[in-house]
Amino acid sequence: MDIKKVDLIVVGGGILGTFHALHALKKGLKVLQIEKDNFPVGSTVRNFGQVVPSGMADRWFDYAVKGLEIYQEIQSKTDIGIRNNGSIYIASDNDEVQIIHELSQHYQTKAYDHEIWTKEMVLKKYPDLRSDYIKEAIVFKQELSAEPEFMVRKIHEYLANQYPNFSLLYDTAIIGCEEIGDQVILHSSRNEKFMADQVIICNGYEFKILFKELFDDSGLQISKLQMMKTKPLQNIKLPGNILTGLTIRRYESFEEYCPSFHTIQLPERYQELKANGIHILFKQGIDGSIIVGDSHEYSKGNQIDELGFSINSHINRLMIDEANRILPLSEDLISSSWAGFYSQHKNQILEIDVTDRIHIRTGIGGKGMTASAGYALESINKII
Ligand SMILES: Cc1cc2nc3c(=O)[nH]c(=O)nc-3n(C[C@H](O)[C@H](O)[C@H](O)COP(=O)(O)OP(=O)(O)OC[C@H]3O[C@@H](n4cnc5c(N)ncnc54)[C@H](O)[C@@H]3O)c2cc1C
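Remember, our numbering sits 6 above the position in the sequence shown when you count from 1.
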């Protein structure tokens with residue numbers, strides 16, 4: 007295949023760009039995907055890998071449900087590390103119990119399968135959790151977990167094996183993009199030139215290379231999240247996505263559909279956690295290690311530098327202490343800690359059509375591992 011001229015170029019090798027590539031390939035297009043780093047190292051590889059439609063609201067819930075189907079379709083053809091272990095949100099006090107029941111009422115109207123579990127049911131499935139934290143839980147057995155460290159590269163391999171019309175370039179930064187006649191010409195930092203009928207730019211939180219001026223006042227924000235991972239713990243079994251009380255007090259679905267969300271009081275012990283945007287999630291990987299997080303700090307989209315590169319050990323300690331109320335966990339079990347970043351927008355996504363042929367899609371926020379597959383399907387149908 008001549009990679010110099012294709013139907014569609016997708017700039018960005020993260021999950022959002024990758025699902026745009028997949029849906030365009032399914033339409034029979036010749037697609038070239040280009041990633042500036044040696045392999046993707048952005049939001050897509052630094053997250054929990056929780057695929058949780060239950061946390062989303064409005065059209066993002068629908069994209070996310072579609073995403074479950076798309077992930078499972080790929081997993082049925084090749085192993086990309088998707089597991090169907092479900093999600094559980096554990097309520098730790100009466101207010102949180104009230105809210106999960108309100109969410110249950112909402113999901114009954116949407117016919118989205120779920121169960122309310124008693125403390126005993128939770129402990130039967132998760133005997134390692136601390137009994138005194140648990141009041142009740144809401145469970146979504148159909149939801150999925152992914153392995154963020156390698157999944158997107160596995161999907162790239164799958165696309166390369168499945169679709170002769172697909173090519174992928176890593177280590178290629180696109181530094182120029184202009185429409186000339188009825189083509190778009192892209193330039194790389196190595197002076198390579200690529201041509202396509204259409205270009206979709208899924209640049210994640212990189213706003214300094216292409217179309218910088220469009221991002222300056224775009225309403226984009228960047229969030230920095232601190233994350234930790236334990237060493238592999240073979241004696242603990244935490245199948246699925248574990249979400250806890252502070253998540254119930256944070257996620258969009260609860261905010262949107264639970265009347266009590268805005269009236270419940272914040273207990274004193276949560277004040278400092280909330281001030282640092284902390285809620286506690288756990289996701290155990292295939293190797294037995296458990297990802298624990300997260301916290302949130304924010305900057306304007308073009309000022310990521312202000313968020314710094316260091317890990318704040320006080321924030322990590324706050325997270326470990328709260329995590330330890332839920333699951334016996336101590337600092338010596340943590341083997342690594344990192345900062346993840348994502349871009350987000352007040353409209354839930356930033357869509358800019360620079361011309362009829364050049365399209366920017368970014369700012370999917372904290373929901374990209376869950377909703378990108380379904381969102382990108384609609385996006386490709388609109389663009390192509
Ligand atoms: C800590 C953390 C936890 C999260 N947990 C979850 C979760 O459990 N569930 C969930 O659904 N979501 C989660 N998210 C959100 C999710 O990870 C993101 O929404 C998603 O990964 C965004 O994907 P993306 O493709 O837009 O961005 P990215 O993954 O950042 O990809 C953008 C890519 O574009 C490339 N690029 C940019 N500019 C250029 C250029 N000029 N030339 C070439 N390449 C370029 C970049 O190098 C990068 O690889 C989490 C995010 C973080 C940070």
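Glycine is no exception: its CB is placed at the ideal position from the N, C-alpha and C atoms.
Bear in mind that the values here come from a model prediction, so they are computed numbers and not experimental data.
Rounded C-alpha distance that separates G19 from E155: Working through the sequence shown from its first residue, we reach residue 19 at position 13. Working through the sequence shown from its first residue, we reach residue 155 at position 149. So the two alpha carbons sit approximately 13 Å from each other.
CB contact flag (M201, V298, <8 Å): Numbered from 1 along the sequence shown, position 195 holds the residue referred to as residue 201. Numbered from 1 along the sequence shown, position 292 holds the residue referred to as residue 298. Contact: no.
Boundaries (first-last residue) of the beta strand (DSSP E) holding Q232: Position 226 of the sequence shown, counted from the start, is the residue given in the question as residue 232. Segment L226 to T236, the beta strand (DSSP E) holding Q232.
DSSP state of T361 mapped onto helix, strand, coil: Translated into positions along the sequence shown, residue 361 becomes position 355. T361: coil per DSSP, three-state reduction.
Extent of the continuous beta strand (DSSP E) to which T349 belongs: The residue labelled residue 349 in the question sits at position 343 within the sequence shown. Before going further, note that residue 349 is Ser rather than Thr in the sequence given. Unbroken beta strand (DSSP E) run through S349: I340 to H351.
N- and C-terminal bounds of the beta strand (DSSP E) containing Q5: One cannot answer for residue 5 here, as it falls past the ends of the chain, which runs 7 to 390.
Contacts around G210, its chain only, beta-carbon distance under 7 Å, and the 5 residues preceding and following it disregarded: Counting from 1 along the sequence shown, the entry for residue 210 is found at position 204. The residues are G18, G20, G48, S49, S349 and T368.
Rounded Cβ spacing between F217 and V360 (contact assumed at less than 8 Å): As a first step, residue 217 is located in the sequence shown; it is residue number 211 there, counting from the start. As a first step, residue 360 is located in the sequence shown; it is residue number 354 there, counting from the start. Confirmed, Cβ separation roughly 6 Å.
Check whether N53 and G294 have beta carbons under 8 Å apart: Against the sequence shown, residue 53 aligns to sequence position 47. Against the sequence shown, residue 294 aligns to sequence position 288. Taking 8 Å as the Cβ cut-off, N53 and G294 do not qualify as a contacting pair.
Spatial distance of L175 from Q39 (CA atoms): Locating residue 175 in the sequence shown gives position 169, where the first residue counts as 1. Locating residue 39 in the sequence shown gives position 33, where the first residue counts as 1. Answer to the nearest angstrom: the Cα atoms are 6 Å apart.
Inter-residue Cα distance where the pair is L383 and R275: Locating residue 383 in the sequence shown gives position 377, where the first residue counts as 1. Locating residue 275 in the sequence shown gives position 269, where the first residue counts as 1. So the alpha carbons of these two residues sit roughly 43 Å apart.
Alpha-carbon to alpha-carbon, K125 and I296: Taking the sequence shown and counting its residues from 1, one reaches residue 296 at position 290. Taking the sequence shown and counting its residues from 1, one reaches residue 125 at position 119. The alpha-carbon atoms of I296 and K125 are separated by roughly 22 Å.
Simplified DSSP state of D134, which is helix, strand or coil: Working through the sequence shown from its first residue, we reach residue 134 at position 128. Of the three classes helix, strand and coil, the one that applies to D134 here is coil, per DSSP.
Range of the contiguous beta strand (DSSP E) that encloses H112: Along the sequence shown, read from residue 1 onward, the residue named residue 112 stands at position 106. Looking at the DSSP string, H112 is not in any beta strand (DSSP E); the run it does join, the alpha helix (DSSP H), is N100 to T115.
Residues of its chain near L192, where Cβ-Cβ distance is below 8 Å and the 5 sequence neighbours each way are ignored: Stepping through the sequence shown from its first residue, residue 192 is reached at position 186. Contacts found: I15, V17, I40, I180, G182, C183, K199, F200, M201, A202 and V205.
Cut-off 6 Å between Cβ atoms - residues of its own chain near D300, not counting five sequence neighbours on either side: Start at 1 with the first residue of the sequence shown, and residue 300 comes out as number 294. Correct list, in chain order: L231 and M233.
Burial state of W123, where buried means 16 or more other Cβ atoms lie within 10 Å: Within the sequence shown, residue 123 is the residue found at index 117, counting from 1. By the neighbour-count rule (16 or more Cβ atoms within 10 Å), W123 is buried.
Sheet register partners of S194 (DSSP bridge): The count along the sequence shown starts at 1 and reaches residue 194 at position 188. In DSSP, S194 forms a bridge with I180.
Chain-order list of residues whose beta-carbon lies under 8 Å from that of L252 (same chain, five-residue window excluded): By one-based count along the sequence shown, residue 252 stands at place 246. For L252, where only same-chain residues beyond five positions count, the Cβ hits under 8 Å are Y276, L279, K280, I284, H285, I286 and E328.
Continuous beta strand (DSSP E) stretch holding T124: start and end: Stepping through the sequence shown from its first residue, residue 124 is reached at position 118. Where T124 is concerned, the enclosing beta strand (DSSP E) stretches over E121 to T124.
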